[in-house]
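S.K.: Numbered according to the numbering used here, the sequence shown spans residues 3 to 864.
Note that beta-carbon positions come from the ideal geometry of N, C-alpha and C, so glycine has one too.
Remember, it's a predicted structure, so these values are computed and weren't measured experimentally.
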Amino acid sequence: MKRVFISATLLICSSSTLAYSNLTEKLATARAKQVGDVDYQLSIELDKGRETFKGTNLVSFELNASDEDVVLDFDGKAVKEVLVNGRSSDGYEFDEHDESIIIPKGLLKKGRNTLSIEFIGRFSHNGSGLHQYVDPQDGNEYLFTDFQPDNAHRLFPHFDQPTIKASFTLDVVAPADWHVISNMPETRVTQKDDFKHSYFAKSQKMSSYIMHLSAGPYAMWQDSTGKYPMRLFARQSLAQYVDADMVFATIDNGFGQFEAYFDYPYPFTKYDQLFVPEFNAGAMENAGAVTISERYIFRQKPTASKQARFKATLMHELAHMWFGNLVTMAWWNDLWLNESFATLMGYQGLDGLGDNNAQAQTAGRKRWAYQEDQLVTTHPILADIPDVLAASANFDGITYAKGLAVLQQLKFYISEETFEKGIRIYFKRHAFGNTKLDDFIAAMEQAHGSDLSDWVEQWLATKDVNSMQLSYEIKNGKLQGVTAHQMPGQHDKTLRRHASYVGLFDLENGQLVLKDKVKIAYEGAQTPLTALNGRKAPDFILPNYLDKDYVKVRFDTRSMQWLMANMDKVQDDKIKGLVWRTLWDMVKDREMKTEDFYQLAMRQLKVESDAAFADSLSSNIGSIIDRYTADVQSRNLKRAQAHQLAKSRLSEVPKGSDLQRVWYDNLVSSASTPAHYRYLAQLFDGEASIAGIEMNTQNKWELLSQLAYADQANLVAPRMKLLLAEDTSSMGKNMALMIAAAYPQAQSKAQAWQNITQNTELSLLQKRYIGDGMYNVDYPQLAKPYIARYFETIDAIVKANVPYDNAAYFIRSMFPELGMEQTVEAAEQFLKTSKAPKTYRRMVMKSLDVLKRTIEVRKANL
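This is the structure:
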């Protein structure tokens, strides 16, 4: 962990000052009624080293009502010519500000119409639209598209909304040494001089946000041994690190799992996957051409946990081929269902691979949900999404993580067999169509044989998370009067109907052993659990055993006392994860002292043998030190203790193991004395070594970044010069940007802020690295000059119509949390007076709430 108080990640100004189009649901609904049966014949011309590209789109559509103008979406440099039904027309209007092409109704006829639009487009450098990237290592140029939610009109003019599905026939002229990849396979390729012309098969009807185009001299791997042809692409300079066999094996297994589970064949013709540079998300489910962030290209052997996370992502995107691409939401208010279902299937697919990290990965995702659902900005899963800007803001922990938890609860509530039956009904009924939540619920109701409207109301139309605790008496060694007590959340008083397991455990031969698990249902404030009465009183009772419920658990008094005395006896991963998550919740809710958690966790880490769990618990300790410990002397004392523990554990754990990697990372992140810093420099130089840890380029960069945060410029500067000569990759250059920003000096922060807010030559990813170096918990005074500037910049963003991706990253990531009470005061004043859009104000509200909670925990532990 770098010594940053928050994860400051990206930032703002791009060279574009055009407005971000903000399509409303009302307009999208009206347009879907106006036009239908759409077909696009798209031609694109690409060349190396250009700022723009040329294209022509032949749009064919059925005009159902001719009493309104037809509006197409386009964010590009110019529209050169428009032919309406084969005739040249000067009557159209290209509104660059609103990103639209308006075709007057008088030029059209009811029934079939064609528009031939010749245009010039712009490449993007913020990860959306058609993104352009030049590899600094070898000068190769790479292009790829990313369109969700409505950035496809940055590539070509069309109707950019999910309900207007269309067929695509694409041809592309590109340099002859480039691969050109789209949703469909190439049908033929011709070549003339230094260019080739690729023609692709006509696609099925699909929404434009999952259309795809990539081009460049990508390295390519192929696999034709499975049921469907698969290819994998990556930059040439990263090809040596790509584990293509693992990727192909994962997807081939996924095809078998999902086709059997959905009872529906893979709906497309081939399956390409591309690692792409400067990608904003983890991955994107373009039909038959999935894009994946390069962060999943591991330059050193990944831990089992990281590998599991990658495999779950691969499975997530594969599941989208059915849920999202075959059947597509009508509007973005059902984005949660699209993403949550794919996440659910991603973890189910991971489990189907035999990976024992599936439950831990699911639990990790649910932790995000619990955190987001308790903030002032929480919202029902069924959120009001009036426009695309609101949709973009809802790519959050409620959409992805709470949705997962709620679907998991539904699956448990109606039974796994019923859920599977409902999914099969859903796909067969709505293949290649658009749906709403009601369609999904109708399929589940048909499978279940009963009405689910109460479930929808309780779980999807409300917000916040319930809490649950058991009470009971013990008579003659047996449980009596067992009752589930349910408490409402802070922001919503709804008490829901829950289903879960209760685990009953005894201590036998020094180990905690499951004696029984009992399925329970509870609702309202109190529910008698008669199925538990009369059972032998166990040593420990664990509500929500196996984590099927979405609820905050609190242990009964007797069980809590047993835990505090016997925590070392809790060894089973299924139990341990839930227990420690509950204790961490108690810390954040000010029900447990941070010092008590810290001491308990440090004792656990002395004997912990599971790498993923050790990493998670180490992260909690890092938060206690950097977030919740206000006193500098106490913070450094805890760092020294953590450093000593890491050093000790490194000598005990197996060499080259995941657990050794965890302790090595802890050793580096806890360095806090001159002697520690000299040791890090010696590791870099090879004067010191740790058997089992390779001092590769990535490890060297991490050492230098830690030293830079600690203001050790004399140790960093000469070594960074050597490392930059050794590592000419984009990662090396980006890490150098971060390190330059990380020095705790006023001049470094001023230059970083300048680069983030005003340097139009830097990509969004480069600004992300600079932002990672901006704030440092040990030097909060350096953040204070940027409190006022942060809020002034938000107003400047609004005034300049900065593209959403850039604006959102700045507002979320550069919030000056280290200003503490001064930041609270400034943020509250901003929220009172600013006229920024609701979406942007909500981002500030979320950061403010997190900060207030941090201050409250600090005060509770003074």
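At the level of alpha carbons, what is the spacing between residue 607 and residue 797?
M.R.: Each residue's alpha carbon lies about 46 Å from the other.
S.K.: Tell me the DSSP secondary structure of residue 162 in three-state form.
M.R.: Coil at residue 162, not helix or strand.
S.K.: In whole angstroms, give me the CA-to-CA distance for residue 795 and residue 809.
M.R.: Roughly 10 Å between the two C-alpha positions.
S.K.: Where does residue 12 land, buried or exposed, given buried means 16+ other C-beta within 10 angstroms?
M.R.: The predicted position of residue 12 is uncertain, since its pLDDT is 31 and thus under 50; a value taken from the coordinates is nonetheless stated next. So residue 12 counts as buried.
S.K.: Enumerate in chain order the residues of its own chain whose CB-to-CB distance from residue 207 is below 8 Å, with the five nearest sequence positions on each side excluded.
M.R.: Closer than 8 Å at Cβ, skipping near neighbours: 167, 168, 169, 434.
S.K.: Indicate whether residue 726 and residue 738 have their beta-carbon atoms separated by less than 8 Å.
M.R.: Yes, they are a contact pair.
S.K.: Who does residue 489 pair with in a DSSP beta bridge?
M.R.: Looking at the DSSP assignment, residue 489 forms a beta bridge with 469.
S.K.: Quick check: what's the CA-CA separation for residue 643 versus residue 509?
M.R.: Distance between the alpha carbons of residue 643 and residue 509 is about 31 Å.
S.K.: On the three-state DSSP scale, how would you describe residue 257?
M.R.: Residue 257: helix per DSSP, three-state reduction.
S.K.: Can you give the Cα-Cα distance for residue 857 and residue 566, rounded to whole angstroms?
M.R.: Taking the straight line from one Cα to the other gives about 27 Å.
S.K.: By Cβ distance below 8 Å, which residues in the same chain neighbour residue 571 in space, the five residues on each side in sequence not counted?
M.R.: The answer, listed in chain order, is 509, 512, 513, 514.
S.K.: Based on Cα-Cα distance, which residue from 745, 758, 195, 424 lies nearest to residue 452?
M.R.: The shortest Cα separation from residue 452 among 745, 758, 195, 424 belongs to 424.
S.K.: Taking the beta carbon of residue 641 as the centre, do at least 16 other beta carbons fall within 10 Å, making it buried, or is it exposed?
M.R.: Looking at its Cβ environment, which holds 16 or more other Cβ atoms inside 10 Å, residue 641 is buried.
S.K.: Would DSSP call residue 150 helix, strand or coil?
M.R.: The answer is coil: DSSP assigns residue 150 none of H, G, I, E or B.
S.K.: Check residue 405 in the structure and name its three-state DSSP category.
M.R.: The answer is helix: DSSP assigns residue 405 an H, G or I state.
S.K.: By the DSSP assignment, the alpha helix (DSSP H) with residue 579 in it spans what residues?
M.R.: Per DSSP, residue 579 belongs to the alpha helix (DSSP H) from 575-590.
S.K.: For residue 290, decide whether its Cβ has a neighbour in chain B, counting only Cβ atoms nearer than 8 Å.
M.R.: No chain B is part of this structure, which consists of one protein chain only.
S.K.: DSSP beta-bridge partners for residue 314?
M.R.: Per DSSP, none; premise fails for residue 314.
S.K.: Kindly indicate which three-state DSSP category residue 482 falls into: helix, strand or coil?
M.R.: If DSSP states are grouped into helix, strand and coil, residue 482 belongs with the strands.
S.K.: Measuring only the C-alpha atoms, how far is residue 1 from residue 429?
M.R.: Since the displayed the chain opens at 3 and closes at 864, residue 1 lies outside it and no answer follows.
S.K.: Note down, in chain order, each residue of its chain lying with its Cβ closer than 6 Å to the Cβ of residue 295, except the 5 sequence neighbours on either side.
M.R.: Counting only Cβ-Cβ distances below 6 Å, and skipping sequence neighbours, we find 281, 284.
S.K.: Suppose contacts are defined by Cβ-Cβ distances below 8 Å. Is residue 506 in contact with residue 517 by that definition?
M.R.: Closer than 8 Å, so yes.
S.K.: Here's a check: name, in chain order, each residue in its chain whose Cβ is nearer than 7 Å to the Cβ of residue 860, leaving out the five neighbours to either side.
M.R.: For residue 860, where only same-chain residues beyond five positions count, the Cβ hits under 7 Å are 630, 632.
S.K.: Could you tell me which residues DSSP puts in a beta bridge with residue 113?
M.R.: Residue 113 pairs with 65.
S.K.: Could you spell out where the alpha helix (DSSP H) holding residue 774 opens and where it closes?
M.R.: Taken as a continuous stretch (DSSP letters only), the alpha helix (DSSP H) holding residue 774 covers 766-774.
S.K.: Please classify residue 37: is it buried, with 16 or more other beta-carbons within 10 angstroms of its beta-carbon, or exposed?
M.R.: Classification of residue 37: buried, given that the 10 Å Cβ count is 16 or more.
S.K.: Whole angstroms is fine: what's the gap from residue 141's alpha carbon to residue 732's?
M.R.: Answer to the nearest angstrom: the Cα atoms are 11 Å apart.
S.K.: Check the C-beta distance from residue 176 over to residue 48 and give it rounded, since I have them as a contact under 8 Å.
M.R.: With a Cβ gap of about 4 Å, residue 176 and residue 48 count as contacting.
S.K.: Tell me the DSSP secondary structure of residue 107 in three-state form.
M.R.: Helix.
S.K.: If you measure between the beta carbons of residue 550 and residue 343, is that distance less than 8 Å?
M.R.: Going by C-beta atoms, residue 550 is not nearer than 8 Å to residue 343.
S.K.: What did DSSP end up calling residue 516 once you bin it into helix, strand or coil?
M.R.: Reduced to three states, the DSSP call for residue 516 is strand.
S.K.: Look up residue 322 in the DSSP assignment and say whether it is helix, strand or coil.
M.R.: Here residue 322 sits in helix by DSSP.
S.K.: What span of residues does the alpha helix (DSSP H) with residue 242 cover, start to end?
M.R.: Segment: none, residue 242 is in no alpha helix (DSSP H) and carries neither H nor E.
S.K.: Can you say whether residue 229 is buried or exposed, counting buried as having 16 or more other CB atoms within 10 angstroms of its CB?
M.R.: Exposed, by the Cβ-count rule.
S.K.: In angstroms, rounded to a whole number, what distance separates the CA positions of residue 402 and residue 293?
M.R.: Cα to Cα, residue 402 sits roughly 19 Å from residue 293.
S.K.: When the Cα of residue 741 is compared with those of 721, 760, 759, which residue comes out closest?
M.R.: It is 721 whose Cα lies nearest to the Cα of residue 741.
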